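Since the structure comes first, as structure tokens, the remarks are kept for the end.
In the numbering used here, the protein residues as written are 29 to 459.
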């Protein structure tokens, strides 16, 4: 009976298994001289060897070749022991490995195949970056080169010195064919790199590669995976004005109201960067318009603070509460007046925002406009009927605060056509 062992002594095929295999195989093929190749294929399958690993069979001291057929069942089941010899990879410091990296980077498939047949190790590491040839192929978008390297046994999840995999490289550079290949090969879709803790989906969302995002979502990439900033891919898309990616991620199940490490939702980030398109996409997806960040900013108060009239209108049209205070008890109108945005102040007044609402210090939007000295918001508030005689908790009216700060323009506007209900506190001469 024939059995097959490795040179180390490990038995690969027992005599009983060999006899069964011989019965199952195509006898015509075996007797025509293809026994050698058929057995090598079976051994390579059992050893999980790639096509590039050369495997030889030896009988005693003699290495068998393709011209070593067994012509009869009796002869095939004789008392023989065959030794399977797997040709080792080249030494790690062999200069041909450098050529392997070069051919992967340049996309020279023919040269790459020749080097793998040497056989170069597909998992040889470039010491400067701790990366594989697969990283080079993925970064440059050479899909067929990447396919051959994977077939040769390259580790699809190997991390480089930055913790990035080949999938990170392909996603960051928008190479959707390589991404598709790696998804099909069941690469880890959610591995985080060491730089920002980004997954491949973070990378694609940040760069705006719609096809790559689509492939990763099809592969069931985690849309809620956080990076080191506590941000999910949807945050990355929103802050980079990638409104199409925002739509894809939301449709793919991303949590549109997920907060990052600072308590900011994607809506907060888009508003903070004054990006109306992602804001529009998030509002269409019914993102929470009233969720406050850790700093206490609601979306509308944040939009008022950055002075963006387009975003303020979008939020109001979506039903945002125009009088909802932030954690500092300031309404959006307080914020707009304090920041000097005449246009946003007017939009909020037109939306019937409460013009005399007081914060916890008893101050109205007019007090804040007087403190900061911005004339146009003061005039808008007065034109809308704001009460200039409201006292704050310390007993000051708006003109008192303007006078204390030396805001001459504000004082002049507030004194014009003014009928005081009390005497001045002496901070200004009231004409």
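All C-beta atoms, glycine included, are put in the ideal place defined by N, C-alpha and C. In this text, all values refer to a predicted model and were calculated from it rather than measured experimentally.
Looking only at its own chain, which residues have a Cβ that is under 7 Å from the Cβ of residue i, when we skip the five neighbours before and after it?
{"i": "residue 213", "result": "178, 184"}
{"i": "residue 322", "result": "290, 291"}
{"i": "residue 222", "result": "190, 191"}
{"i": "residue 439", "result": "427, 430, 431, 456"}
{"i": "residue 239", "result": "204"}
{"i": "residue 232", "result": "199, 240, 241, 244"}
{"i": "residue 425", "result": "416, 417, 418, 419"}
{"i": "residue 433", "result": "399, 401"}
{"i": "residue 141", "result": "176"}
{"i": "residue 280", "result": "245, 251"}
{"i": "residue 196", "result": "221, 228, 231"}
{"i": "residue 273", "result": "233, 236, 238, 241, 265"}
State the DSSP-derived secondary structure class of residue i, mapped to helix, strand or coil.
{"i": "residue 39", "result": "strand"}
{"i": "residue 159", "result": "strand"}
{"i": "residue 235", "result": "helix"}
{"i": "residue 380", "result": "coil"}
{"i": "residue 300", "result": "helix"}
{"i": "residue 189", "result": "coil"}
{"i": "residue 403", "result": "helix"}
{"i": "residue 439", "result": "helix"}
{"i": "residue 70", "result": "helix"}
{"i": "residue 99", "result": "Here the model assigns residue 99 a pLDDT of 43, short of 50, so the residue's position is not dependable, and the following value carries that caveat. Residue state, collapsed to three classes: coil."}
{"i": "residue 251", "result": "coil"}
{"i": "residue 409", "result": "helix"}
{"i": "residue 396", "result": "helix"}
{"i": "residue 432", "result": "helix"}
{"i": "residue 138", "result": "helix"}
{"i": "residue 307", "result": "helix"}
{"i": "residue 245", "result": "helix"}
{"i": "residue 48", "result": "helix"}
{"i": "residue 318", "result": "coil"}
{"i": "residue 391", "result": "coil"}
{"i": "residue 213", "result": "coil"}
{"i": "residue 227", "result": "coil"}
{"i": "residue 78", "result": "coil"}
{"i": "residue 131", "result": "helix"}
{"i": "residue 353", "result": "coil"}
{"i": "residue 341", "result": "helix"}
{"i": "residue 456", "result": "The pLDDT assigned to residue 456 is 48, lower than 50, so where the model puts this residue is not dependable, and the model offers no usable value."}
{"i": "residue 120", "result": "coil"}
{"i": "residue 164", "result": "helix"}
{"i": "residue 444", "result": "coil"}
{"i": "residue 372", "result": "helix"}
{"i": "residue 418", "result": "coil"}
Quickly, what does DSSP pair residue i with across the bridge? List them, please.
{"i": "residue 109", "result": "31"}
{"i": "residue 286", "result": "Paired residue(s): none; residue 286 is not in a bridge."}
{"i": "residue 90", "result": "87"}
{"i": "residue 154", "result": "159"}
Excluding the 5 residues flanking residue i on each side, which residues of the same chain have their C-beta closer than 8 Å to its C-beta?
{"i": "residue 342", "result": "304, 307, 308, 311"}
{"i": "residue 441", "result": "403, 406, 407, 410"}
{"i": "residue 524", "result": "Because residue 524 is not part of the residues shown, which for the chain are 29 to 459, the question remains open."}
{"i": "residue 283", "result": "251, 252, 260, 262"}
{"i": "residue 224", "result": "230, 255, 256, 257"}
{"i": "residue 32", "result": "39, 40, 41, 46, 67, 71, 85, 109, 110, 111, 112"}
{"i": "residue 361", "result": "332, 350, 351, 373, 376, 377, 381, 382, 383, 385, 393"}
{"i": "residue 149", "result": "117, 118, 120, 125"}
Starting from residue i, trace the alpha helix (DSSP H) in both directions and tell me its first and last residue.
{"i": "residue 183", "result": "Run containing residue 183: none; DSSP gives neither H nor E here."}
{"i": "residue 197", "result": "194-200"}
{"i": "residue 172", "result": "171-179"}
{"i": "residue 145", "result": "Per DSSP, residue 145 belongs to no alpha helix (DSSP H) and is neither H nor E."}
{"i": "residue 203", "result": "Unbroken run through residue 203: none, as it is neither H nor E."}
{"i": "residue 330", "result": "327-334"}
{"i": "residue 346", "result": "Residue 346 -> no alpha helix (DSSP H), and no H or E assigned at all."}
{"i": "residue 276", "result": "271-279"}
{"i": "residue 425", "result": "Element bounds for residue 425: n/a, residue is neither H nor E."}
{"i": "residue 262", "result": "261-267"}
{"i": "residue 360", "result": "360-367"}
Does any residue of chain B bring its CB to less than 9 Å from the CB of residue i?
{"i": "residue 415", "result": "Checking the listed chains, one finds no chain B in this structure; it contains a single protein chain."}
With respect to 8 Å, is the separation between the Cβ of residue i and the closest non-hydrogen atom of the ligand ADP below this value?
{"i": "residue 120", "result": "This structure simply doesn't include the ligand ADP, nor any ligand for that matter."}
Take residue i and list the residues in its own chain whose beta-carbon comes closer than 6 Å to its own, dropping the five residues that flank it on each side.
{"i": "residue 234", "result": "264, 268"}
{"i": "residue 211", "result": "243, 247"}
{"i": "residue 365", "result": "373, 393, 396, 397, 405"}
{"i": "residue 508", "result": "The shown model of the chain, from 29 to 459, leaves out residue 508, and the question about it has no answer."}
Segment contact flag, the segment 114-123 with the segment 157-166, C-beta cutoff 8 Å, min 3 pairs: no
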